[in-house]
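When we follow the numbering used here, the leftmost residue of the first sequence carries the number 8, and every step to the right adds one.
Beta carbons are placed, not taken as given, at the ideal position from N, Cα and C, and that holds for glycine.
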Amino acid sequence: MTYKRPVGTQDIVPGVVEEWQYVESIFRAMADDYGYGEIRTPIFEDTDLFLRSVGQETDIVRKEMYTFEDRGGRSLTLRAEGTAPAVRAYLENNLWNQDRERVVKLYYVAPIFRYDRPQAGRYRQHHQLGLEVLGSPRPEVDAEIITFAWNFFQRLGLQGVQVLLNSVGCPLCTPAYVQKLTAVMQESLGDLCADCQTRIQTNPLRVLDCKLCQDYVARAPRLADELCGECDDHLVAVQATLNLLAVPCTLDHTIVRGLDYYTKTAFEFRVEGIGAQASIGGGGRYDGLVEQCGGKPTPGVGIGIGLERVLLARRHAGIEFGADQRDGTFVVALGDGAWNEALKLCYELRAAGIRSDVDYRRRSLKAQLRLADSERYVSAAILGDDEIARGVVSLKNMVDGEQTEVSRSELIVRLS
RNA sequence: GUGGGAGUAGCUCAACGGCAGAGCACCUGACUGUGGCUCAGGGGGUUGGGGGUUCGAAUCCCCUCUCUCACCCCA
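In structure tokens:
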């Protein structure tokens, strides 16, 4: 083995890719039902897009981006996050169509790259199922995205999914809260963990979700209690809508998210049993991001769902996938003279939309039937000199072993 | 970036200083035109890589790579 896949990446091979396709298909079907359109953006973007949107002081920017220079000297970065590229594309393609209030609903299924140390549920290339709604400040939209994710997880059979909700305020109320928080934290600065001692300067809200410093966080005022009237109303309305739609959620004051662009609603979906990385989805509102990216002031909300973690959660929940479904007809040739005829029949079946194959190793009848069985064909069409002479095939059912003679002309109809 | 655990056949693992093995899988045959069950036989390995100690290393020591779990952080 000369080459190995890069650290933190994975090959998704036949046998496991089917469950990925299944989960993706549920997501796509639901996105369509909810009125979202798919957007596909480049796998890399100008580095600046991430620097300016995600935030200079976030871990993603500070130590996790896959940044490289192309031959033209441009600094590019592999997609570190889904929202910024979507917003960029929204502006660049004028999806808002000159109507600033137009509600544009986008979804994506895309690989995300972060230079992290891999562990359970964490990869350097992972995949996110994302939703973004641009143009609406309404709390019902926040609730729609959360409800979508909740229903998606239900549909996939995940039990015990926790929905954690919070508000990180807006430029009107957050700064005042940050001042209060900083003041309280300064009192016990020496007791905070090393990270928080710097965080309190660079990104004060992040202190709230530090696992080590929760004792001190508990003494500080809660952000949700310090919101301005508009942010408070918004949070209450999101909760009310979720309640209306029967989505259970818990207010959690430590949810602040790791990206700088969030305003008002911040939320996270967690599930136990898949390791330390328990978050299977997260997102929030970003009312300032579009403007920051050079557009007119436009509100937005979004979510990213971790595909690998959803798959992990399904496995942990004991959900079996793709048991032993059989389909198609394997063509078995008997005798040297039958191979060409078998090949022709195989292509006829394929052209008729019937899964089919032959044994290119031209082995014995026994070996061919074994192959048909292990490749999960539901039947085998046996062609020997005898059958060819009479214009028939011996059609063997691979489940019960019963065999009948079918004329070549009726075969396709019979199998369709 | 930091710390713990682990790398032996395609897979799961044994051998723990003395001839590298088992189960499963794969291939062939018993059954020369009938898969699964059974039985018999067969192919498969630079023991992750490099260096060192030793008469002798999968085994002990050092380095390195990878996997894995956790911290940090995120999906």
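**Prompt:** Does the distance from the C-beta atom of Leu372 to that of Leu341 stay below 7 Å?
**Reply:** Counting from one through the first sequence, the residue named residue 372 turns up at place 365. Counting from one through the first sequence, the residue named residue 341 turns up at place 334. Contact flag set, yes.
**Message:** Considering only DSSP beta bridges, list what Ser386 is partnered with.
**Reply:** Indexing the first sequence from 1 puts residue 386 at position 379. According to DSSP, which records beta bridges pairwise, Ser386 is partnered with Thr336, Asn404.
**Message:** Please list the terminal residues of the continuous beta strand (DSSP E) segment that includes Lys271.
**Reply:** Position 264 of the first sequence, counted from the first residue, corresponds to residue 271. From DSSP, the beta strand (DSSP E) with Lys271 extends over 270 to 277.
**Asked** According to DSSP, which residues form a beta bridge with Gly290?
**Response** Along the first sequence, read from residue 1 onward, the residue named residue 290 stands at position 283. Paired residue(s): Phe274, Ile310.
**Item:** Minimum C-alpha distance to Phe2 - residue among Val339, Val406, Val278, Asn173
**Value:** The chain is shown from 8 up to 423; residue 2 falls before or after that span and cannot be answered.
**Message:** Which complete alpha helix (DSSP H) runs does the stretch 191 to 218 hold, if anything under 4 residues is left out?
**Reply:** 201 to 209
**Prompt:** Smallest Cα separation from Leu242: which of Tyr115, Val175, Gly408?
**Reply:** Walking along the first sequence from the start, residue 242 turns up at place 235. That would be Val175, whose Cα lies nearest to the Cα of Leu242.
**Prompt:** How would you call Leu179, buried or exposed, if buried means at least 16 neighbouring beta carbons within 10 angstroms?
**Reply:** As a working note, residue 179 is residue 172 in the first sequence. Leu179 is exposed by the Cβ-count criterion.
**Asked** If you draw a straight line from the C-alpha of Ile395 to the C-alpha of Val338, how long is it?
**Response** The count along the first sequence starts at 1 and reaches residue 395 at position 388. The count along the first sequence starts at 1 and reaches residue 338 at position 331. If you take the alpha carbons of Ile395 and Val338, they lie about 13 Å apart.
**Request:** Tell me whether Gln221 sits in a helix, a strand or coil according to DSSP, three-state version.
**Result:** On the first sequence, position 214 is the one that residue 221 refers to. If DSSP states are grouped into helix, strand and coil, Gln221 belongs with the helices.
**Prompt:** Which of the three DSSP states, helix, strand or coil, is assigned to Gly236?
**Reply:** Counted from its first residue, the first sequence places residue 236 at position 229. If DSSP states are grouped into helix, strand and coil, Gly236 belongs with the helices.
**Prompt:** When DSSP labels each residue in this structure, what does Arg107 get in the three-state scheme?
**Reply:** Walking along the first sequence from the start, residue 107 turns up at place 100. Three-state result, Arg107: coil.
**Asked** Under 7 Å between the Cβ atoms of His323 and Gly280?
**Response** Start at 1 with the first residue of the first sequence, and residue 323 comes out as number 316. Start at 1 with the first residue of the first sequence, and residue 280 comes out as number 273. The answer is yes: Cβ separation under 7 Å.
**Item:** Length at least 4, wholly inside the stretch 19 to 68: the alpha helix (DSSP H) runs in chain order
**Value:** 24 to 40, 54 to 61
**Prompt:** Nearest-angstrom Cα distance between Pro118 and Met72?
**Reply:** Within the first sequence, numbered from 1, the residue matching residue 118 stands at position 111. Within the first sequence, numbered from 1, the residue matching residue 72 stands at position 65. Distance between the alpha carbons of Pro118 and Met72 is about 13 Å.
**Request:** Could you tell me which of Ser414, Asp380, Ile419, Ser423 sits nearest to Asp425, measuring between CA atoms?
**Result:** Here the chain has residues from 8 to 423 only, and residue 425 is not among them.
**Asked** Which of helix, strand or coil does DSSP assign to Gln169?
**Response** For this step, residue 169 is matched to residue 162 along the first sequence. The answer is strand: DSSP assigns Gln169 an E or B state.
**Prompt:** So which of Val170, Ala156, Gln204, Pro211 has the shortest CA-CA distance to Ala183?
**Reply:** Here residue 183 refers to the residue found at position 176 of the first sequence. Of the listed residues, the one whose Cα sits closest to Ala183 is Pro211.
**Request:** Determine the contact status of Leu319 and Gly164, defining contact as a CB-CB distance below 7 Å.
**Result:** Locating residue 319 in the first sequence gives position 312, where the first residue counts as 1. Locating residue 164 in the first sequence gives position 157, where the first residue counts as 1. For Leu319 and Gly164, no; Cβs fall outside 7 Å.
**Asked** Pro2 by DSSP, collapsed to three states: which one?
**Response** Limits of the chain in this structure are 8 at one end and 423 at the other, which puts residue 2 out of reach.
**Prompt:** Which residue's Cα is closest to the Cα of Asp232: Asp222, Thr16, Leu251, His260?
**Reply:** Indexing the first sequence from 1 puts residue 232 at position 225. For Asp232, the nearest C-alpha among the options comes from His260.
**Nearest-angstrom beta carbon gap, Leu138 and Ala38 [assumed within contact, 8 Å]** = Numbered from its first residue, the first sequence carries residue 38 at position 31. Numbered from its first residue, the first sequence carries residue 138 at position 131. The Cβ separation is near 7 Å, so the contact holds.
**Prompt:** Expressed to the nearest angstrom, what Euclidean distance is found between the alpha-carbon atoms of Ile197 and Gln246?
**Reply:** Walking along the first sequence from the start, residue 197 turns up at place 190. Walking along the first sequence from the start, residue 246 turns up at place 239. The sequence given here has Gly at residue 197, not Ile. Roughly 38 Å between the two C-alpha positions.
**Item:** beta-carbon Asp66 near the ligand GDP non-hydrogen atom, thresh 6 Å
**Value:** The ligand GDP is not part of this structure, which contains no ligands at all.
**Request:** Please name the residue or residues paired with Ser414 in a DSSP beta bridge.
**Result:** To locate residue 414, count along the first sequence from 1; it is residue 407. In the DSSP output, where bridge partners are listed per residue, Ser414 has Val399.
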